[in-house]
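Chemist: This is the structure, below, for whatever I ask next.
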Amino acid sequence: MQPKIFQSAIRDVVFGENVKVVEPCNLYECTIGNNTFIGPFVEIQKGVVVGDNCKIQSHSFICELVTIGSNCFIGHGVMFINDLFENGAPAGGDASLWHATVIGNNVSIGSNATLLPVSICDKVVIGAGAVVTKNIVQSGVYVGNPAKLIRIIE
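Note that the working numbering has the sequence shown beginning at 5, numbered continuously upward.
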């Protein structure tokens, strides 16, 4: 029996000016701001909004219900999660069980970080490999699992 093969695609995307996208990637029904760069092997799902002047490095996954502000950096292999398995199993296609993530402006997220559904204020650095499990309301540098503040940024 042969599998059903799907090709990665860029479809139904609202692009700002001077956007650069390196294929292959999977972008659909999202909005990408001006002067933003998207590296290869990135998936950005339906309803995601990425602000102006952002850089999204390779192998990152940005799921539905994510909003990213302007002047943000998303490192290699960053994973956004919208399902908290609240019923003890994946929500699957039941979007009513998903939760939103909002990233402020001037946020830098290091490679291989994982972000659960959270809100992150402006001027934050998330260290490589960090796991963000709670809202971040103070500008600063956060590292570890779970991510903790190690330095305030004025």
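Every residue gets a Cβ at the ideal spot worked out from N, C-alpha and C, and that includes glycine.
Taking 7 angstroms as the cut-off, is the CB of K50 close to at least one heavy atom of the ligand FMN?
Modeler: Absence of the ligand FMN is noted for the structure shown, with no ligands found whatsoever.
Chemist: What is the residue span of the beta strand (DSSP E) that K152 lies within?
Modeler: K152 to I156
Chemist: In three-state DSSP terms, what is S64?
Modeler: coil
Chemist: Can the beta-carbon of C29 be found less than 8 angstroms from the beta-carbon of V17?
Modeler: No. Outside cutoff.
Chemist: Alpha carbon to alpha carbon, what distance is there between L120 and V52?
Modeler: 15 angstroms
Chemist: Based on the DSSP secondary-structure assignment, which residues constitute the bridge partners of K138?
Modeler: BP columns for K138 are empty, so no partner.
Chemist: Rounded to whole angstroms, what is the Cα-Cα separation between V70 and A95?
Modeler: V70 and A95 have their C-alpha atoms some 17 angstroms from each other.
Chemist: Name the residue from C76, F45, I42 and H63 whose alpha carbon lies nearest to the alpha carbon of N110.
Modeler: Selected option, being the one with the closest Cα: C76.
Chemist: Could you have a look at L88 and say whether DSSP puts it in helix, strand or coil?
Modeler: coil
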